[in-house]
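**Q**
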Amino acid sequence: MTDQPEHGQAGAAGRRDMLPSAVDPTVFDEAFLRQLERLTLVTRKAVHGGMKGLRRSVKRGQSVEFTDYRDYALGDDLRALDWNLYARLERLFIKLFIEEEDVTVHILLDASASMDGGAPDKLMFGKRAAAALAYVGLASYDRVNLAVLQGRAARRFPPVRGTGRIFQVLADLSAVRASPGPTDLLSAARHYAAQLTQRGPLILISDLFDENAERAISELAGTRCDVAVLHTLSTDELDPPLEGDLRLVDRETAAGVDITADIVTLDAYRQRLSDWQASLERASAKRRVAYVAMPTTTPLSDLVFAELRRRRVVAA
Amino acid sequence: MGMLAPLALLGLLSVPLIIAFYMLRLRRQQQQVSSTYLWQHLVRDVEANAPWQRLRRSLLLLLQLALAVILAVLVARPFSERPAALAHDLVLVMDASASMAATDEFPTRLDAAKRAAQSAISGVPAGGRVSIIAAAETAQLVANEATDRGRIQRAIDSIEQSIGPVNLDDAMRLAGKLAERTLGAQILVVTDDAGARTPDLRVSVPVKVVTVGRERHNQAIAALAVRATPDGLRRSVFISVANYSDQEATRRLQVLADGSPVTARDLLLRPLSRADVVIDELPAGTRTVEARLAQPGDEPMAGPVDRLALDDAAWAVVPPDRPRFVLLVGEGNVYLQNALSLLPNVELYGTTPQDYAATAADPKFASYDLVVFDAFLPPTLPDTAVLALAPPRTSLLGEVRGPLEEVYLGQLPPDEPLLRGVDLTRLHILGNNDRFRTQDMALPDWARAIIPGGDGPLLYSGLRDGQPTAVFAFDVRNSDLPLQIAWPILISNLAGELLGGALATRDPLAPSSPVELPLPTGSVGMRVTLPDGSVQELLPGATGAASVTFVDTRQLGVYRAEPMPDPLATVSPSPMATPSAQTAPSATPGVETGQAEPSLFAVDLFAPDESNIRPGDGSRLARLGTESGSGPMEQGTARDELWPLVAMLALGFLLIEWLVYERDGARRLLGGVRRLRPRRAGLSRRGGQA
Numbered sequence: 018m019t020d021q022p023e024h025g026q027a028g029a030a031g032r033r034d035m036l037p038s039a040v041d042p043t044v045f046d047e048a049f050l051r052q053l054e055r056l057t058l059v060t061r062k063a064v065h066g067g068m069k070g071l072r073r074s075v076k077r078g079q080s081v082e083f084t085d086y087r088d089y090a091l092g093d094d095l096r097a098l099d100w101n102l103y104a105r106l107e108r109l110f111i112k113l114f115i116e117e118e119d120v121t122v123h124i125l126l127d128a129s130a131s132m133d134g135g136a137p138d139k140l141m142f143g144k145r146a147a148a149a150l151a152y153v154g155l156a157s158y159d160r161v162n163l164a165v166l167q168g169r170a171a172r173r174f175p176p177v178r179g180t181g182r183i184f185q186v187l188a189d190l191s192a193v194r195a196s197p198g199p200t201d202l203l204s205a206a207r208h209y210a211a212q213l214t215q216r217g218p219l220i221l222i223s224d225l226f227d228e229n230a231e232r233a234i235s236e237l238a239g240t241r242c243d244v245a246v247l248h249t250l251s252t253d254e255l256d257p258p259l260e261g262d263l264r265l266v267d268r269e270t271a272a273g274v275d276i277t278a279d280i281v282t283l284d285a286y287r288q289r290l291s292d293w294q295a296s297l298e299r300a301s302a303k304r305r306v307a308y309v310a311m312p313t314t315t316p317l318s319d320l321v322f323a324e325l326r327r328r329r330v331v332a333a
Numbered sequence: 016m017g018m019l020a021p022l023a024l025l026g027l028l029s030v031p032l033i034i035a036f037y038m039l040r041l042r043r044q045q046q047q048v049s050s051t052y053l054w055q056h057l058v059r060d061v062e063a064n065a066p067w068q069r070l071r072r073s074l075l076l077l078l079q080l081a082l083a084v085i086l087a088v089l090v091a092r093p094f095s096e097r098p099a100a101l102a103h104d105l106v107l108v109m110d111a112s113a114s115m116a117a118t119d120e121f122p123t124r125l126d127a128a129k130r131a132a133q134s135a136i137s138g139v140p141a142g143g144r145v146s147i148i149a150a151a152e153t154a155q156l157v158a159n160e161a162t163d164r165g166r167i168q169r170a171i172d173s174i175e176q177s178i179g180p181v182n183l184d185d186a187m188r189l190a191g192k193l194a195e196r197t198l199g200a201q202i203l204v205v206t207d208d209a210g211a212r213t214p215d216l217r218v219s220v221p222v223k224v225v226t227v228g229r230e231r232h233n234q235a236i237a238a239l240a241v242r243a244t245p246d247g248l249r250r251s252v253f254i255s256v257a258n259y260s261d262q263e264a265t266r267r268l269q270v271l272a273d274g275s276p277v278t279a280r281d282l283l284l285r286p287l288s289r290a291d292v293v294i295d296e297l298p299a300g301t302r303t304v305e306a307r308l309a310q311p312g313d314e315p316m317a318g319p320v321d322r323l324a325l326d327d328a329a330w331a332v333v334p335p336d337r338p339r340f341v342l343l344v345g346e347g348n349v350y351l352q353n354a355l356s357l358l359p360n361v362e363l364y365g366t367t368p369q370d371y372a373a374t375a376a377d378p379k380f381a382s383y384d385l386v387v388f389d390a391f392l393p394p395t396l397p398d399t400a401v402l403a404l405a406p407p408r409t410s411l412l413g414e415v416r417g418p419l420e421e422v423y424l425g426q427l428p429p430d431e432p433l434l435r436g437v438d439l440t441r442l443h444i445l446g447n448n449d450r451f452r453t454q455d456m457a458l459p460d461w462a463r464a465i466i467p468g469g470d471g472p473l474l475y476s477g478l479r480d481g482q483p484t485a486v487f488a489f490d491v492r493n494s495d496l497p498l499q500i501a502w503p504i505l506i507s508n509l510a511g512e513l514l515g516g517a518l519a520t521r522d523p524l525a526p527s528s529p530v531e532l533p534l535p536t537g538s539v540g541m542r543v544t545l546p547d548g549s550v551q552e553l554l555p556g557a558t559g560a561a562s563v564t565f566v567d568t569r570q571l572g573v574y575r576a577e578p579m580p581d582p583l584a585t586v587s588p589s590p591m592a593t594p595s596a597q598t599a600p601s602a603t604p605g606v607e608t609g610q611a612e613p614s615l616f617a618v619d620l621f622a623p624d625e626s627n628i629r630p631g632d633g634s635r636l637a638r639l640g641t642e643s644g645s646g647p648m649e650q651g652t653a654r655d656e657l658w659p660l661v662a663m664l665a666l667g668f669l670l671i672e673w674l675v676y677e678r679d680g681a682r683r684l685l686g687g688v689r690r691l692r693p694r695r696a697g698l699s700r701r702g703g704q705a
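Right, here's the structure in full:
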């Protein structure tokens, strides 16, 4: 597997007829591929060519974009001295420049048992969102690291670069299945954070149904990546169509809860859900993590071009 | 307060059952969800606020428990008690006569009487028995010792308005008999107490009267008659309109002949008075005459509102203008023959005294409308109008005192209709002689002198046993009368009076009067068309019956009876050399018959006691009973059931339960609508950004 971009290849639409068999057509169907095409058109406008990615780096390097001054220190490059400023202030200052370099986009997909369900299915939505985000990264010549959180670990797929690798991404995502047992989100997040070597945008796609969800977010924020959390919930989790006396069974843990689904109970649930989302958003904001509540009914285009762009997860 | 069915309270045992089912929750459906993370938190919150949350969630349970309690109470039939106002055994007499159709109560007095009766019945003690009599032309027992309140109410509601006068005698007599069955019974009469006549009887139980009616304003057609003019050629209508109000009133009197307007006149009616109207312009060939009271012209009716419409119309049947058959019995009197044959619409037949017996024995003899005996009298006078000239002997026509030798003409009565247009100033009459008789006759009690003589009349006329009769005391050939112009005029006037009785309209029938309809030959029954257009077919009760009886005269108006031909009979026309006797004479006065022609008869409400709708206070009826009855009046307590209130309460709880239970559905609907809005907003933002 190479991380070199592959040029001259047709976009996803051109390869529709030649879809690899490893790509699940029920997840990445024709409608999705058409949406990817639209993404292709938009993102190509933003790509100016060249090997380097177009992300800004916090490193200050040798590029043409000036950003700031600092005092001259022994050993600095004299070519960076600002003589005009010396003439005015009779002090030596070094010009600082932004270095544009490659960026690694980390996409973490929660594949716990709780993600397997809902209408539309959360895992399928997560896969599509991951594919779309991966494609945006690939189109920007970023390196894309895709990982799946299951059990207590994060399973990483080989990193890819270039739009020609999109089908690899689709095939990898197609192979993802929901974990049969419980998933410890905190442990899985820690596992990935420990292996992380290159910083960059990190997007967690999860339903966050975990006691330690906030801690997992904190753990990821601690990697000093630009973390964004896509909180994915299905419509029947947002507004449960429940009625009567029921025993609710957890898909992950098989734990049961007896409820009487009457008006009062459902009202209380909705309030609880709202409070929980608000709590997650506050916790995320504290750690400078972008929190995006994303029902599974959200159209892909809205996801990429509205919500994520608005929250600066995706560059303009 | 008590319960009529206290055992129904056993239904309260359903309350613990409902609670038990609710608490046990035996069947709980399992449902897999992606995560119970939030639900667990929720349950913990609920358990933290357990008492209050349980209470809120139990709203439906509380509603169901309340419904169970209410239904158990409902079935137990709670009631409240109060002292009863009426006896345990009650006979209710409901006046349903024509005056009860007055509209001074809403909508009529009869409806107000039913409401008053329903209200009064609530004063009967629990378990009391009620018998109900509807008083109209006859007394009808509607319910006998009924105890079920629902049945009593239905019986009262079933009483129909009658169009005839009330027969309170029959009703009170029947009520008295029913009340006397039980000690301590009571009679309750609900009536407007209109009418002057008080029943002539006494009952041995107390009588209580509840009156309805507030006004007395009514105008009525009090009489309607059609009479032939003296010449018999024309018909006149006589109408009497009465104002029973104590105020002046203006009404328009409309006269219709066979449904077509003839004339209309505005009448100013003084209080408590009558106005008589004579209409002469009745078209020839008219069969029915209708008189109707309406409001004058386009202006609103002046004076008080006429509260009773039943008596604002009346009908009369006019016999058809058929030929009159006259039989002249004599040796031959050319003057009589000529004068009689010149009469319009008269067919003259003749026979000799010798052949009279045979002629009288012929069945066709009954068809003659007038028999003229010229100097002859049979042993038995016919049952028809008679004109006799110079009767030879005393008979029912009058006493013949002997021959009159000298004739003196007396003072002619000035307003005698038979002498209208008759100039007898040059009349000369010879006394009795060998050729022609002049008799000295005594004026009978039934007659009036037309041409008075010296002692006895020379010509008299009247109604003898209901038959028009005129008698000349002299043979007209014994005078110069036939040579004068007065002769045909006098004969015409006499014919009008003698034949005019037959031409007079038959009297209308009272409502609910039975009518006997003769069956013409060759018919198997009679088909009667009622004023409302409905038809009834009457078949004789026995083979060979000569008539059928029609009893359904409960509508005001003109009835039409037609024979139903026998489909098996062959019809052969017969020559009519003599008046046909195929038509049987009418068996009922007032009904004129004709072969194969429809018979008409009218039913009218000519009842001053009903048209005078001034309500009374009932005291005259109350005095028919006793103060205390034959025994102590059994008083008890009356019960008012509370089930309507309880039922309303149950319905209210059902409504609340429905609102509470279905609120979720309404919320989901609203939620679905709200969810559509963010999508539309998102699309619009994307369109803006693009």
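Going down the list, the protein sequences come from chains E and V.
Going by my numbering, the first residue of the first sequence is number 18, and it counts up by one from there.
Going by my numbering, the first residue of the second sequence is number 16, and it counts up by one from there.
Note that CB positions come from ideal geometry on N, CA and C, so glycine has one too.
1. According to the Cβ coordinates, are Val539 of chain V and Phe565 of chain V closer than 7 Å?
2. According to DSSP, is Leu283 of chain V part of a helix, a strand, or is it coil?
3. Can you tell me which of E:Ile234, E:Arg178, E:Gly181, E:Gln185 puts its alpha carbon nearest to the alpha carbon of Ser204 of chain E?
4. Can you name the start and end residues of the beta strand (DSSP E) that Lys379 of chain V belongs to?
5. May I have the straight-line CA-CA distance separating Ile34 of chain V from Asp224 of chain E, to the nearest angstrom?
6. Among E:Ile183, E:Asn229, E:Thr214, which has the Cα closest to the Cα of Thr200 of chain E?
7. So, does the CB of Ala171 of chain E fall closer than 7 Å to a CB anywhere in chain V?
8. Take Leu317 of chain E and list the residues in its own chain whose beta-carbon comes closer than 8 Å to its own, dropping the five residues that flank it on each side.
9. Does Ile13 of chain V pass the burial test, meaning 16 or more other C-beta atoms within 10 Å, or should it be called exposed?
10. Quick one, are the C-beta atoms of Leu105 of chain V and Val145 of chain V less than 7 Å apart?
11. Alpha carbon to alpha carbon, how far is Ile178 of chain V from Pro535 of chain V?
12. List the DSSP bridge partners of Ile85 of chain V.
13. Establish whether the CB of Phe226 of chain E and some CB of chain V are separated by less than 7 Å.
14. According to DSSP, simplified to helix, strand and coil, what is Val218 of chain V?
15. Do Val332 of chain V and Phe621 of chain V have their beta-carbon atoms positioned less than 7 Å apart in this structure?
16. Can you find a C-beta in chain V that's less than 7 Å from the C-beta of Leu265 of chain E?
17. Against Ile256 of chain E, what residues of chain V qualify as contacts under a CB-to-CB distance less than 7 Å, listed in chain order?
18. With a Cβ-Cβ cutoff of 7 Å, do Leu189 of chain V and Ala154 of chain V count as a contact?
19. Any idea if Arg689 of chain V is buried or exposed, counting beta-carbon neighbours within 10 angstroms, 16 or more meaning buried?
20. Provide the residue span of the beta strand (DSSP E) that contains Met456 of chain V, from first to last.
21. Per DSSP, which one or two residues make a beta bridge with Phe110 of chain E?
22. Using only CA atoms, which one of V:Phe253, V:Ala306, V:Arg289, V:Asn258 lies nearest to Gln269 of chain V?
23. May I have the straight-line CA-CA distance separating Asn493 of chain V from Leu396 of chain V, to the nearest angstrom?
24. Please give the ranges of any alpha helix (DSSP H) in the stretch 279-327 of chain E, keeping only runs that are unbroken, at least 4 residues long and fully inside the region.
25. Identify each residue in the stretch 282-294 of chain E for which the Cβ-Cβ distance to at least one residue of chain V is less than 8 Å, and report them in chain order.
26. Let me check one thing: in DSSP terms, what residues is Trp330 of chain V bridge-paired to?
27. Kindly list, in the order they appear in chain E, the residues whose Cβ is closer than 8 Å to that of Phe46 of chain V.
28. How many angstroms separate the CA atom of Leu75 of chain V from the CA atom of Ile276 of chain E?
29. Looking at Pro311 of chain V: is its Cβ nearer than 7 Å to the Cβ of Thr366 of chain V?
30. Between which two residues does the beta strand (DSSP E) holding Thr249 of chain E run?
31. Should Trp100 of chain E go down as buried or exposed, given a rule of 16 or more other Cβ atoms within 10 Å for buried?
32. Per DSSP, which one or two residues make a beta bridge with Asn182 of chain V?
33. Answer yes or no: do Ala354 of chain V and Pro526 of chain V have a C-beta to C-beta separation smaller than 7 Å?
34. In or out: Gly142 of chain V buried (at least 16 other Cβ within 10 Å) or exposed?
35. Does Met16 of chain V come out as helix, strand or coil in the three-state DSSP assignment?
36. Using only the alpha-carbon positions, how far apart do Leu639 of chain V and Ala83 of chain V sit?
**A** According to the structure data:
1. no
2. strand
3. E:Ile234
4. No beta strand (DSSP E) holds Lys379 of chain V; DSSP gives it neither H nor E.
5. 40 Å
6. E:Asn229
7. no
8. Phe49, Gln52, Arg145, Ala146, Ala149
9. Nothing can be reported for residue 13 of chain V: it is not among the residues displayed for chain V, which extend from 16 to 705.
10. yes
11. 31 Å
12. Partner(s): none; Ile85 of chain V has no beta bridge.
13. yes
14. coil
15. no
16. yes
17. The question names Ile, but residue 256 of chain E is Asp in the sequence shown. Gly686, listed in chain order.
18. yes
19. exposed
20. 454-456
21. E:Asp88
22. V:Ala306
23. 24 Å
24. 280-303
25. Thr282, Leu283, Ala285, Tyr286, Arg289, Leu290, Trp293
26. V:Glu305
27. Correcting the residue identity first, residue 46 of chain V is Gln in this sequence and not Phe. Those within 8 Å of Gln46 of chain V in chain E are Leu259, Leu263, Arg264, Leu265, Val266.
28. 16 Å
29. no
30. 243-250
31. exposed
32. According to DSSP, Asn182 of chain V bridges with nothing at all.
33. no
34. exposed
35. coil
36. 53 Å
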